[in-house]
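Numbering (mature numbering (1 follows the signal peptide of the UniProt record, and there is no 0)), first residue to last: -22 to -1, 1 to 271.
Using N, Cα and C, we set each Cβ at its ideal position, and we do this for glycine too.
Because the structure is a prediction, the values reported are computed rather than measured.
Beneath this line is the structure, given in structure tokens, with notes to follow.
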């Protein structure tokens, strides 16, 4: 049904979804600073699972047909990877802040490029490897080894980026010969079950003043996932992927205005190098197959 797609609307929805995910991260940083990280992520997953259940029930083919898959173990593995990724990045927010965490996490698309060869059997040419190497240089600028400012907490968003890259590569693998909705549905359900098991023992009483932020957090979690789902109904994922980098801009605004974070020159320069390398790699992926370097 590509004829009914609206690419301009898709781009607008992508930007809106990126802004919503940035707001969700802002809530995550604040709530995880007050409550156990596992509890905060558990609540986020409850909202995510509720959304995908409603979305599945509204599918015209019915719940069972919409969620049918031959790759359930792979989807459950993806769900586990996503849980670990979110827990690590949210923990990172509380230790080194939103801005630096997202600057380091920006290496993720380049890790996807590096993993696409061994996992998917894709050809990775010299130009793409140069982009990956340039991204690593950007990470070194961010980490400033030898300057006496490196923190072990920087490993949290880097580990999170690696886990999400594995998740993304497995997503491409599982959606080669199946509809995309099961790949969206099962990680949410598996993640909600896993986080409930892990998170309930860490449940804490919620202060009355935090009920409204928690409710807003759940609402923005549902909104962000609804927006990304609608985005891919209007435009191919590859065409809007560059707009995902706008998230670091929105996150920087939230970090500076809400949490008094500081955008330092090394962080800005390192993030710029990583993002430029990522955009270059994405531009190579969009070339015709015969010209892929």
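Inter-residue spacing [alpha-carbon to alpha-carbon] between residue i and residue j
{"i": "residue 190", "j": "residue 155", "result": "42 Å"}
{"i": "residue 148", "j": "residue 52", "result": "7 Å"}
{"i": "residue 42", "j": "residue 242", "result": "50 Å"}
{"i": "residue 127", "j": "residue 120", "result": "Caution applies to residue 127, whose pLDDT of 48 falls short of 50 and renders its modelled position unreliable; the model cannot decide the point."}
{"i": "residue 260", "j": "residue 8", "result": "33 Å"}
{"i": "residue 181", "j": "residue 28", "result": "19 Å"}
{"i": "residue 176", "j": "residue 206", "result": "27 Å"}
{"i": "residue 60", "j": "residue 141", "result": "7 Å"}
{"i": "residue -21", "j": "residue 187", "result": "Below a pLDDT of 50, predicted positions are generally treated as unreliable, and residue -21, at 46, falls in that range; no measurement from the model is reported."}
{"i": "residue 184", "j": "residue 13", "result": "8 Å"}
{"i": "residue 248", "j": "residue 102", "result": "24 Å"}
{"i": "residue 94", "j": "residue 107", "result": "11 Å"}
{"i": "residue 118", "j": "residue 55", "result": "30 Å"}
{"i": "residue 132", "j": "residue 39", "result": "45 Å"}
{"i": "residue 234", "j": "residue 208", "result": "30 Å"}
{"i": "residue 4", "j": "residue 239", "result": "12 Å"}
{"i": "residue 200", "j": "residue 26", "result": "6 Å"}
{"i": "residue 255", "j": "residue 35", "result": "41 Å"}
{"i": "residue 105", "j": "residue 114", "result": "14 Å"}
{"i": "residue 23", "j": "residue 100", "result": "33 Å"}
{"i": "residue 220", "j": "residue 192", "result": "30 Å"}
{"i": "residue 164", "j": "residue 37", "result": "15 Å"}
Nearest neighbour of residue i, chosen from the options [CA to CA]
{"i": "residue 112", "options": "177, 88, 101", "result": "88"}
{"i": "residue 179", "options": "17, 134, 249, 151", "result": "17"}
{"i": "residue 204", "options": "169, 32, 145", "result": "32"}
{"i": "residue -11", "options": "227, 244, 132, 222", "result": "222"}
{"i": "residue 79", "options": "137, 213, 219", "result": "137"}
{"i": "residue 6", "options": "214, 132, 229", "result": "229"}
{"i": "residue 65", "options": "226, 227, 21, -4", "result": "21"}
{"i": "residue 91", "options": "110, 210, 10", "result": "110"}
{"i": "residue -5", "options": "25, 232, 254, 248", "result": "232"}
{"i": "residue -9", "options": "239, 150, 210", "result": "210"}
{"i": "residue 157", "options": "202, 122, 45, -2", "result": "45"}
{"i": "residue -3", "options": "165, 224, 37", "result": "224"}
{"i": "residue 129", "options": "82, 164, 166", "result": "82"}
Whole-number beta carbon distance between residue j and residue i, since they are thought to touch under 8 Å
{"i": "residue 116", "j": "residue 251", "result": "3 Å"}
{"i": "residue 15", "j": "residue 160", "result": "Contact flag wrong, Cβ pair sits at about 29 Å."}
{"i": "residue 144", "j": "residue 57", "result": "Wrong, their Cβ atoms sit about 12 Å apart, outside the cutoff."}
{"i": "residue -13", "j": "residue 218", "result": "6 Å"}
{"i": "residue 73", "j": "residue 237", "result": "Wrong, their Cβ atoms sit about 13 Å apart, outside the cutoff."}
{"i": "residue 198", "j": "residue 1", "result": "5 Å"}
{"i": "residue 49", "j": "residue 152", "result": "5 Å"}
{"i": "residue 294", "j": "residue 30", "result": "Residue 294 is absent from the model: the chain starts at -22 and stops at 271."}
{"i": "residue 253", "j": "residue -7", "result": "Not a contact, Cβ separation roughly 20 Å."}
First through last residue of the alpha helix (DSSP H) which encompasses residue i
{"i": "residue 53", "result": "50 to 83"}
{"i": "residue 42", "result": "41 to 45"}
{"i": "residue 237", "result": "224 to 237"}
{"i": "residue 11", "result": "-16 to 12"}
{"i": "residue 137", "result": "133 to 152"}
{"i": "residue 202", "result": "189 to 212"}
{"i": "residue 240", "result": "Element bounds for residue 240: n/a, residue is neither H nor E."}
{"i": "residue 99", "result": "Element bounds for residue 99: n/a, residue is neither H nor E."}
{"i": "residue 35", "result": "15 to 35"}
{"i": "residue 172", "result": "159 to 177"}
Sequence-distant residues of the same chain with beta carbon closer than 6 Å to residue i, five excluded per side
{"i": "residue 86", "result": "139, 142, 143"}
{"i": "residue 162", "result": "none"}
{"i": "residue 258", "result": "109"}
{"i": "residue 134", "result": "66, 69, 70"}
{"i": "residue 168", "result": "54, 57"}
{"i": "residue 97", "result": "147"}
Nonlocal neighbours in the same chain, by C-beta distance under 7 Å from residue i, ignoring five residues either side
{"i": "residue 213", "result": "-18, -16, -13, -12"}
{"i": "residue 68", "result": "6, 10, 15, 18, 19"}
{"i": "residue 150", "result": "98"}
{"i": "residue 62", "result": "141"}
{"i": "residue 202", "result": "-6, -3, -2, 2"}
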